[in-house]
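Enquirer: Under our numbering, the letters of the sequence shown match residues 1431 to 1880, in that order.
Cβ coordinates follow ideal geometry from the N, Cα and C atoms, glycine included.
What follows is a single structure, and I will ask about it in a moment.
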Amino acid sequence: MSFAHLHVHTEFSLLDGSNKITEYVSRVKELGMNSAAITDHGVMYGVIDFYKAAKSAGIKPILGCEVYVAPGSRFDKSKDDNESKYYHLILLAENNVGYSNLMKIVSKGFIDGFYYKPRVDRELLEEYHEGIICLSACLAGEVARLLAGGMYEEAKKAAIWHRDCFGEGNYFLELQDHGISTQQNVNQGLLRISKETGIELVATNDVHYTFAEDEVPHDILLCIQTGKKVSDEDRLRYDGGQYFVKSEEEMRELFPYAPSAIENTQKIADRCNVDIEFGVTKLPHFEVPSGYSSWTYLNKLCKDGLKRRYKDKALELMPKLEYELDVIKNMGYVDYFLIVWDFINFAREHDIPVGPGRGSAAGSLVSYTTGITDIDPIKYSLLFERFLNPERVSMPDIDIDFSDERRGEVIDYVVDKYGEECVTQIVTFGTLAARNVIRDVGRVLDLPYA
């Protein structure tokens, strides 16, 4: 095989891609390919799931993103038409440095540049270009859009800028063919730019679903996203049914005039090697008062809390407390409990409402005696092993509720104390339940409720 898909949207291009990661990886393996990329729109939500699935299947994962690039500064939020708000651009991590830089680019797109979409700009691309391979993207890319508008010299100038930004051999002009007449004209322009500048070509398919027969379900998904019906004339659609995971043979048939563009997909894939380490706990160190270690300080907090909470029953419960402490120590989570205790303590000292605790952490006597939770696990016969089981090593997960209005103060405290590099927020995804799916699909197809 000498072809790899480098422009691929998965289910994490929310309500736009219907290409499930597990199906995508299976299809790539079935087609005999040894590498495949993920390049969701503006986000990297699916990178870890894809990395693990690909590795398990013996496929090299190529981690990337199709970013939105503001035509000027990412800080500009002018009320222009949608077409001029951003361009598309494919960024692929060549190595771990590139992966780190890609995460920075995408994050700053949300933090600084969000305007309809998380937008980056040329300033960010220049600052974080190291370790990244760039492709010119689809018809929504800057070069393609200029070519489609008949502005060849401007398109050539934009291509040269990107080549100079990412470096010789790190920027490629992207040929696509989904049966759209505009693409034929754009491809001719790309061939000319390549010939005049020496910038190499790469052939991609703008994958949004796995199999050709997924075209109709994908179209319905687009209608759900945009609030339209299938029968509506003026709506977003992907015409032609060509946005699936094609075989190498199908891709070669599309580009007989540019065989090097096919070969370059594999050359790029061979260059991309990102290693992500899993199963290693990385916690910041908690600074304890003089004369204590993390272990002795946690013991002090727990034993003081045991006396305060249980008074005369404290001695009776000491073996259970020591058992939990030993499990926590043996699993390497002493600092974790101190860190959680510390920011909860901060919240209470500053009159920020804190919930009493929920989830399995409420079964821990250590959590209760330190004040992390406020639910008595003895009174309610709650099990510590549901929270931390010495037979199944996994990170503890303590769910804490803070006042919506002042939650940001707690986050700021943690960032100030441990540093931005040690603090992050995580996302959760909601999925449509069966009842909602039936309702939404029925609306899209204009079916009556009864």
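Starting from the C-beta of THR1695, find all residues in its chain whose C-beta is less than 7 Å away, skip the five residues before and the five after it, and write them out in chain order.
Expert: The sequence position of residue 1695 within the sequence shown is 265, counting from 1. Hits under 7 Å: PHE1433, ALA1434, LEU1436, VAL1632 and ALA1633.
Enquirer: Looking at the structure shown, is PRO1686 part of a helix, part of a strand, or coil, going by DSSP?
Expert: Along the sequence shown, read from residue 1 onward, the residue named residue 1686 stands at position 256. Three-state result, PRO1686: coil.
Enquirer: Below 8 Å on the Cβ atoms is my guess for VAL1770 versus SER1724; work out the distance and round it to an integer in Å.
Expert: Mapped onto the sequence shown, residue 1770 falls at position 340. Mapped onto the sequence shown, residue 1724 falls at position 294. The pair is not a contact, with the Cβ atoms about 13 Å apart (cut-off 8 Å).
Enquirer: Using the C-alpha atoms, what's the distance from ASP1446 back to GLU1524?
Expert: Taking the sequence shown and counting its residues from 1, one reaches residue 1524 at position 94. Taking the sequence shown and counting its residues from 1, one reaches residue 1446 at position 16. Rounded to the nearest angstrom, the two C-alpha atoms are 26 Å apart.
Enquirer: Per DSSP, which residues does ASN1819 bridge with? Please list them.
Expert: Within the sequence shown, residue 1819 is the residue found at index 389, counting from 1. Answer by DSSP bridge pairing, in chain order: ARG1822.
Enquirer: Can you have a look at LYS1741 and say buried or exposed, based on whether 16 or more other CB atoms are within 10 angstroms of its CB?
Expert: Within the sequence shown, numbered from 1, the residue matching residue 1741 stands at position 311. The residue in question, LYS1741, is exposed, as its Cβ has fewer than 16 Cβ neighbours within 10 Å.
Enquirer: What's the call for ARG1504, buried or exposed, on a 16-neighbour Cβ count within 10 Å?
Expert: Position 74 of the sequence shown, counting from 1, holds the residue named residue 1504. By the neighbour-count rule (16 or more Cβ atoms within 10 Å), ARG1504 is buried.
Enquirer: What are the uninterrupted segments assigned as alpha helix (DSSP H) that are 4 or more residues long and contained completely in the stretch 1600 to 1644, given in chain order?
Expert: Whole alpha helix (DSSP H) segments, 4+ residues: 1611 to 1627.
Enquirer: Distance check for SER1833 and VAL1844, CA to CA, integer angstroms please.
Expert: Taking the sequence shown and counting its residues from 1, the one referred to as residue 1844 is at position 414. Taking the sequence shown and counting its residues from 1, the one referred to as residue 1833 is at position 403. Their Cα atoms are separated by approximately 16 Å.
Enquirer: From ASN1760, TYR1498 and SER1797, pick the residue whose C-alpha is nearest to that of ARG1739; which is it?
Expert: The count along the sequence shown starts at 1 and reaches residue 1739 at position 309. Of ASN1760, TYR1498 and SER1797, the residue nearest in Cα terms is SER1797.
Enquirer: Can the beta-carbon of TYR1498 be found closer than 8 Å to that of GLY1476?
Expert: In the sequence shown, counting from the first residue as 1, residue 1498 sits at position 68. In the sequence shown, counting from the first residue as 1, residue 1476 sits at position 46. Contact flag unset, no.
Enquirer: Name the two residues that bound the continuous alpha helix (DSSP H) containing ILE1769.
Expert: As a first step, residue 1769 must be located in the sequence shown, where it is residue number 339. Start and end: 1764 to 1779.
Enquirer: My guess is that THR1711 and MET1581 are in contact by the Cβ rule of under 8 Å, so how many angstroms apart are they, rounded?
Expert: To locate residue 1711, count along the sequence shown from 1; it is residue 281. To locate residue 1581, count along the sequence shown from 1; it is residue 151. The Cβ separation is near 53 Å, so there is no contact.
Enquirer: With a threshold of 16 other CB atoms inside 10 Å of the CB of LYS1586, please say whether the residue is buried or exposed.
Expert: Sequence index remark: in the sequence shown, residue 1586 carries index 156 (1-based). It counts as buried.
Enquirer: Judging by CA-CA distance, which residue of LEU1569, TYR1545, GLU1630 and LEU1713 is the nearest neighbour of SER1611?
Expert: Taking the first residue of the sequence shown as position 1, residue 1611 is located at position 181. Looking at the Cα atoms, LEU1569 is the closest of the given residues.
Enquirer: Tell me whether the beta-carbon of ASN1449 lies closer than 8 Å to the beta-carbon of HIS1608.
Expert: Sequence index remark: in the sequence shown, residue 1449 carries index 19 (1-based). Sequence index remark: in the sequence shown, residue 1608 carries index 178 (1-based). Going by C-beta atoms, ASN1449 is not nearer than 8 Å to HIS1608.
Enquirer: Could you check whether LEU1651 and LEU1666 sit closer than 8 Å to each other, using their CB atoms as the reference points?
Expert: For this step, residue 1666 is matched to residue 236 along the sequence shown. For this step, residue 1651 is matched to residue 221 along the sequence shown. Contact: no.
Enquirer: Do ASN1526 and LYS1490 have their C-beta atoms closer together than 8 Å?
Expert: Position 96 of the sequence shown, counted from the first residue, corresponds to residue 1526. Position 60 of the sequence shown, counted from the first residue, corresponds to residue 1490. The answer is no: Cβ separation not under 8 Å.
Enquirer: Going by the DSSP bridge assignment, what does PHE1505 pair with across the sheet?
Expert: Position 75 of the sequence shown, counted from the start, is the residue given in the question as residue 1505. DSSP lists no partner for PHE1505.
Enquirer: For HIS1592, which of helix, strand or coil comes out of DSSP?
Expert: Along the sequence shown, read from residue 1 onward, the residue named residue 1592 stands at position 162. Here HIS1592 sits in helix by DSSP.
Enquirer: Have a look at MET1681 and ASN1635 and give me their C-alpha separation to the nearest angstrom.
Expert: In the sequence shown, residue 1681 corresponds to position 251, counting from 1. In the sequence shown, residue 1635 corresponds to position 205, counting from 1. MET1681 and ASN1635: Cα-Cα distance of roughly 8 Å.
Enquirer: Closest Cβ-Cβ distance between GLY1476 and chain C: below 8 Å?
Expert: Going by chain labels, chain C is absent from the structure shown, which holds only one protein chain.
Enquirer: Using a Cβ-Cβ cut-off of 7 Å (strictly less than) and excluding sequence neighbours within five positions of GLU1556, which residues of its own chain qualify?
Expert: Locating residue 1556 in the sequence shown gives position 126, where the first residue counts as 1. So the list reads CYS1595, once near-sequence residues are dropped.
Enquirer: On the DSSP letters alone, give me the boundaries of the beta strand (DSSP E) that GLU1835 sits inside.
Expert: Residue 1835 sits at position 405 when you count from the first residue of the sequence shown. Looking at the DSSP string, GLU1835 is not in any beta strand (DSSP E), and its letter there is neither H nor E.
Enquirer: By the DSSP assignment, the alpha helix (DSSP H) with GLU1453 in it spans what residues?
Expert: By one-based count along the sequence shown, residue 1453 stands at place 23. GLU1453 -> alpha helix (DSSP H) spans 1451 to 1460.
Enquirer: How would you write the range of the alpha helix (DSSP H) that VAL1757 sits in, first residue to last?
Expert: Residue 1757 sits at position 327 when you count from the first residue of the sequence shown. 1744 to 1761 is the extent of the alpha helix (DSSP H) around VAL1757.
Enquirer: Please tell me whether SER1790 and PHE1817 are closer than 8 Å, where the distance is taken between their beta carbons.
Expert: Stepping through the sequence shown from its first residue, residue 1790 is reached at position 360. Stepping through the sequence shown from its first residue, residue 1817 is reached at position 387. Their beta carbons are under 8 Å apart, which means SER1790 touches PHE1817 by this criterion.
Enquirer: My parser needs the beta strand (DSSP E) runs of 3 or more residues fully inside the stretch 1470 to 1552; what are they?
Expert: List check, beta strand (DSSP E) in window: 1490 to 1499 and 1517 to 1523.
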